[in-house]
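Trainee: In the working numbering, the protein residues as written are 3 to 309. Before anything else, here's the structure in question.
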Ligand SMILES: [Zn+2]
């Protein structure tokens with residue numbers, strides 16, 4: 003199957019009230035793991051890259067890999083740009099074959115955010131490329147996105163209505179308490195579920211939850227056992243994810259969990275089998291670990307069996 007616009011994938015999820023995971027890839031093993039999980043779960047798929055991931059892999063390698071994955075899996079999949087920071091990178095992705103782009107103008111003022119989003123939509127619509135924007139500010143660290151806790155602010159429902167009306171954007175990332183990276187909460191993990199519901203009723207387009215990894219104690223303990231140093235790492239509990247979906251979240255971004263499970267599997271092999279130096283015997287199990295992680299997410303989000 004060839005890549006399809008993200009809007010088509012989100013539309014079904016929006017109507018039937020399940021969520022679709024958007025999974026970040028950075029290399030071949032992770033790409034294969036994500037597509038294999040979607041194939042085994044019969045789940046629609048959003049696979050995404052940040053601009054730094056594109057730089058790391060190279061646009062041509064990346065596009066070729068994703069197209070191979072879509073063809074081999076036969077799964078309806080969208081290729082999405084995560085946190086596009088400029089019109090330039092969004093245009094480059096549209097031209098290269100992405101079927102969805104996020105233009106992240108959340109660092110600008112409201113007017114600037116509307117303008118940059120409209121500019122990208124102008125180029126995206128004729129190419130049947132979906133556009134996601136962000137309103138409000140998530141805290142935390144993700145690739146080139148760094149927002150300190152004091153600068154984070156939750157999405158205002160009234161502003162969201164005005165933003166969607168002014169831009170006609172396809173999907174909206176909202177700040178409702180999550181943050182990027184492996185340190186999501188200093189105290190208790192709390193999501194503003196009420197805010198999700200209010201925005202959902204006010205704007206009538208698919209909402210996106212960023213920074214939604216679980217960062218389970220299990221994976222942190224295992225990583226620590228094999229040499230990692232991640233004190234205080236904390237993610238979003240499964241119960242909160244379920245509530246977020248029930249109350250109107252349609253797309254859920256997962257990056258940190260993929261990184262954690264991939265590198266923990268590698269740590270385990272290197273630590274327990276010091277005689278191994280065949281990269282396939284190190285990266286192969288890491289690929290399996292990511293596949294299982296993605297499958298668990300697809301079940302949790304309710305997208306299994308929907309492709
Ligand atoms: Zn994000």
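Where is the CB? At the ideal position from N, CA and C, for every residue including glycine. What you are looking at is a predicted structure, and each value in this text was computed from that prediction instead of being measured.
Once the 5 residues before and after residue 108 are set aside, which same chain residues still bring their CB inside 6 Å of it?
Mentor: Contacts found: 136, 139.
Trainee: Is any non-hydrogen atom of ligand 1 found closer than 7 Å to the C-beta of residue 85, if you look at the structure I gave you?
Mentor: yes
Trainee: Residues in its own chain within less than 6 Å of residue 264 by CB, not counting five upstream and five downstream?
Mentor: 288, 292
Trainee: Within 10 Å of its beta-carbon, does residue 67 have 16 or more other beta-carbons around it, so buried, or fewer, so exposed?
Mentor: buried
Trainee: Helix, strand or coil for residue 185 per DSSP?
Mentor: strand
Trainee: Would residue 217 and residue 237 qualify as a contact pair, given that the criterion is a beta-carbon distance under 8 Å?
Mentor: yes
Trainee: Mind checking whether residue 53 and residue 99 have CB atoms under 8 Å apart?
Mentor: No, these two residues do not count as a Cβ contact at 8 Å.
Trainee: Once DSSP output is grouped into helix, strand and coil, what is the label at residue 246?
Mentor: helix
Trainee: For the beta strand (DSSP E) that contains residue 253, what are its first and last residues?
Mentor: 251 to 256
Trainee: Should residue 182 be listed as close to ligand 1, given that the test is whether its C-beta is under 7 Å from any heavy atom?
Mentor: yes
Trainee: Do residue 105 and residue 157 have their beta-carbon atoms positioned less than 8 Å apart in this structure?
Mentor: no
Trainee: Shorter than 7 Å, the distance from the beta carbon of residue 312 to the closest heavy atom of ligand 1, or not?
Mentor: Lying before the first or after the last residue shown, residue 312 is absent from the chain, which here runs from 3 to 309.
Trainee: Would the beta-carbon of residue 214 fall within 8 Å of that of residue 192?
Mentor: no
Trainee: So does the stretch 71 to 83 actually touch the stretch 48 to 63, counting three or more Cβ pairs closer than 8 Å?
Mentor: yes
Trainee: Just how far apart, CA to CA, sit residue 64 and residue 132?
Mentor: Straight-line Cα distance between these residues: approximately 19 Å.
Trainee: May I ask you to verify whether the stretch 296 to 307 touches the stretch 34 to 46, counting CB pairs closer than 8 Å and requiring at least 3?
Mentor: yes
Trainee: Residue 96: which of 302, 121, 113 sits nearest, CA to CA?
Mentor: 121
Trainee: Write down the C-beta distance between residue 247 and residue 303 rounded to the nearest angstrom, noting that I regard them as a contact closer than 8 Å.
Mentor: 7 Å
Trainee: Residue 11 and residue 78: beta carbons closer than 8 Å?
Mentor: yes
Trainee: Within the same chain, show all residues whose beta-carbon is closer than 8 Å to that of residue 101, passing over the 5 residues directly before and after it, in chain order.
Mentor: 5, 6, 7, 8, 80, 81, 82, 130, 131, 132
Trainee: Please go through the same chain and pick out, in chain order, the residues whose beta-carbon is closer than 6 Å to the beta-carbon of residue 55, but skip the five residues on each side of it.
Mentor: 28
Trainee: For a quick check, are the C-beta atoms of residue 25 and residue 260 less than 8 Å apart?
Mentor: yes
Trainee: Any chance the CB of residue 213 is under 7 Å from a heavy atom of ligand 1?
Mentor: yes
Trainee: Please determine, among 163, 142, 257, 166, the residue with the shortest C-alpha to C-alpha distance to residue 155.
Mentor: Checking every option, the nearest Cα to that of residue 155 belongs to 142.
Trainee: Just to confirm my understanding: we take residue 181, look at its own chain, exclude 5 residues before and 5 after, and list those with CB closer than 7 Å. What are they?
Mentor: 140, 141, 142, 154, 213
Trainee: Taking C-beta to C-beta, are residue 252 and residue 39 nearer than 8 Å?
Mentor: no
Trainee: Please give the ranges of any beta strand (DSSP E) in the stretch 40 to 127, keeping only runs that are unbroken, at least 3 residues long and fully inside the region.
Mentor: 47 to 52, 79 to 86, 102 to 105
Trainee: Excluding five sequence neighbours on each side, which residues of the same chain lie with their C-beta closer than 8 Å to the C-beta of residue 169?
Mentor: Counting only Cβ-Cβ distances below 8 Å, and skipping sequence neighbours, we find 116, 119, 120, 123, 135.
Trainee: Within the same chain, show all residues whose beta-carbon is closer than 6 Å to that of residue 20, passing over the 5 residues directly before and after it, in chain order.
Mentor: 304, 305
Trainee: Taking the C-alpha atoms as reference points, what is the distance between residue 300 and residue 31?
Mentor: 19 Å
Trainee: From residue 74 to residue 161, what distance separates their C-alpha atoms?
Mentor: 42 Å
Trainee: Buried or exposed for residue 59, going by 16 or more other Cβ atoms inside 10 Å?
Mentor: buried
Trainee: If you run the structure through DSSP and keep just helix, strand and coil, what is residue 291?
Mentor: helix
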